[in-house]
Amino acid sequence: MVQRRPLPPYDYRALPVQASLAAIGDDTLVLGELLWGNRHRRGNERRLASWALFAQTLGYAMEGVGLCPWVAISHFAHPLLHFPAFKRSKKAFAQLAELASLAEGYEIDSSWMVSYARSCLKKQRELNSRLRGKSGPHGELPDQLLVNGKSNFRSAQVVPLARLLDAYWSLSSKKSYWREGK
């Protein structure tokens with residue numbers, strides 16, 4: 000354990016999206032990163048933050064209809080197209096809604112899954128802020144999980160957590176993200 004946090008079976012220095020979610024206390028798995036790895040490039044913070052929001056939304060949507068989180072692994076199977084880029088996220092929700100419809104026996108719409116997931120994410124944030132006593136943007140991870148100690152580079156921090164969290168909170172605070180049709 001490092002600062003009362005259990006060590007994950009993977010290295011946050013190679014998984015910036017997973018590190019930003021862990022910093023805010025979310026245990027959502029970012030399957031594309033776990034399968035293929037990732038790295039931070041300067042100026043890429045908003046894209047990584049959108050990936051974190053997509054992973055959270057996908058996780059809550061699948062939990063809402065009773066699907067196992069590992070069902071979504073097929074959406075991240077391609078080594079180059081594993082990032083939820085333009086229209087791939089809509090396709091993922093449509094396929095998962097079809098699978099949930101087959102499992103449940105009634106029609107489940109993908110837009111319903113997305114709106115349900117976003118409302119669950121809002122409620123989870125409200126609960127976390129009340130229980131932790133923190134409101135607004137927050138998040139932290141111990142430096143031991145983010146810094147490459149063997150690096151000779153002047154800036155040894157591999158995951159710039161402050162910039163990633165800033166991009167995550169600014170993207171998630173936009174009203175356009177929480178609208179139904181978006």
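Read in numbering that gives the first Met the number 0, the sequence shown has 16 at position 17, and its numbers run on one by one without any break.
No residue lacks a Cβ here, since even glycine has one placed at the ideal position from N, Cα and C.
Asked: Find out if the Cβ-Cβ distance for the pair A96, I107 is shorter than 8 Å.; Found: yes
Asked: By the 10 Å Cβ neighbour count, where 16 or more other Cβ atoms means buried, how is S118 classified, buried or exposed?; Found: exposed
Asked: Leaving out five residues on either side along the sequence, give the residues of the same chain with a beta carbon under 6 Å from the beta carbon of L20.; Found: T27 and A51
Asked: Classify S110 as buried or exposed, calling it buried when 16 or more other Cβ atoms lie within 10 Å of its own Cβ.; Found: exposed
Asked: Mark A99 as exposed unless 16 or more other C-beta atoms lie within 10 angstroms of its C-beta, in which case mark it buried.; Found: buried
Asked: Which residue from G42, D25, R12 and G65 puts its Cα closest to that of A54?; Found: D25
Asked: Which residue comes first and which comes last in the alpha helix (DSSP H) that contains Y115?; Found: S109 to R131
Asked: Take the Cβ of L164 as the centre, count every other Cβ of all protein chains shown within 10 Å, and call the residue buried at 16 or more, exposed below.; Found: buried
Asked: If I measure Cβ to Cβ from G58 and keep anything under 7 Å in the same chain, skipping five residues before and after, which residues do I get?; Found: T27 and P68
Asked: Hey, how far is the Cα of L170 from the Cα of Q123?; Found: 17 Å
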